[in-house]
Amino acid sequence: QVQVVEYGGGLVQPGGSLSLSCAASGTIFSIYAMGWFRQAPGKQRELVAVVTNIGGSTYADFVKGRFTISRDNAKNTVYLQMNNLKPEDTAVYYCRVVTSSHGAYWGQGTQVTVSS
-18 QVQVVEYGGG
-8 LVQPGGSLSL
2 SCAASGTIFS
12 IYAMGWFRQA
22 PGKQRELVAV
32 VTNIGGSTYA
42 DFVKGRFTIS
52 RDNAKNTVYL
62 QMNNLKPEDT
72 AVYYCRVVTS
82 SHGAYWGQGT
92 QVTVSS
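Mapping to the numbering used here: the sequence shown position 51 is 32, numbers consecutive.
Following this line, the structure appears as structure tokens:
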């Protein structure tokens, strides 16, 4: 059993910054990838950024240059630093963990609201 818990989120003004973190725990031999997705009301869930166990990262075009994903393998934790936030970044942000045995797990989500 794997548990995935997100931390952070909240309300921020346009142009502001927020940091999210996500920790995986439980019966984990090794994690292949950890990433962030988001889902705005009425929209499909979409990839924000993902990082693999060897450090390779991928970003959605709409966050390139503004968001940074990083990972602490020893702590099974992934971080998302979000800068220059825009109202369209408002969404529930979900952490996803993919293990080396191909198990995939979601966190419960954390709300990010960008508004003045």
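Glycine included, every Cβ here is placed at the ideal spot set by N, Cα and C.
Asked	Found
Beta-carbon gap between leucine -8 and tyrosine 74 smaller than 9 Å	no
Where alanine 21 falls: helix, strand or coil (DSSP)	coil
Which listed residue (Ser97, Val78, Gly90, Gln92) has its alpha carbon closest to that of glycine 7	Val78
Reduced DSSP category for alanine 55 - H, G, I as helix; E, B as strand; rest coil	helix
Alpha carbon of glutamine 92 to alpha carbon of glutamate 27, nearest angstrom	15 Å
Host beta strand (DSSP E) of alanine 5 (start-end)	-1 to 7
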